[in-house]
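Contents: one structure, followed by commentary.
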Amino acid sequence: MENNNNISNKKDSDHKRDHLLKIYLTEGEKATIKKMAKMVGISCSAFGRAILMDSEYKKELLDILKVRYEVNKIGANLNQMAKVANQSGQVPKAKLIKNMHRNILTQLNRI
1216 MENNNNISNK KDSDHKRDHL LKIYLTEGEK ATIKKMAKMV GISCSAFGRA ILMDSEYKKE
1276 LLDILKVRYE VNKIGANLNQ MAKVANQSGQ VPKAKLIKNM HRNILTQLNR I
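Count the sequence shown with our numbering and you get residues 1216 to 1326, in order.
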């Protein structure tokens, strides 16, 4: 029984994150990493571990980032369409388009 306790304690200490890995980044690289971590709702440390260590999570994370990127592109297009609609007096349709974009982003944030 005593051995089991030692094993579990060792296992706990093996999983403690007390080692620092220092890397050098440009200001742009640092900003990109922070932005990507924020986009998926995790810390920069968790993001780095996920990208470097977990290939399955990495694929899911990259898929989410790709979807968010595409939705943001769609949003930019919708904003351009809304601007034209506002200028032409078709405001109700423009508001509908903006609401649809906002709803899509809300759903993506839940993933």
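Each residue gets a CB set at the ideal place from its N, CA and C atoms; glycine is no exception.
Residue j beta carbon less than 8 Å from that of residue i
i       : j       : result
His1316 : Leu1280 : no
Ile1312 : Ala1297 : yes
Leu1327 : Val1286 : Because the chain spans 1216 through 1326 in this model, residue 1327 falls outside it and cannot be assessed.
Simplified DSSP assignment, three categories, for residue i
i       : result
Leu1235 : coil
Thr1247 : helix
Ser1260 : helix
Thr1241 : coil
Asp1278 : helix
Beta-carbon contacts of residue i that lie in its chain and below 8 Å, excluding the five residues immediately before and after
i       : result
Ile1257 : Ala1265
Own chain, CB closer than 7 Å to residue i, minus 5 neighbours either side, in chain order
i       : result
Arg1283 : Met1254, Leu1323
Neighbourhood of residue i by C-beta distance below 6 Å, restricted to the same chain and skipping five residues each side
i       : result
Leu1267 : none
Meets three-Cβ-pair contact criterion under 8 Å: the region 1275-1285 and the region 1246-1266 = yes
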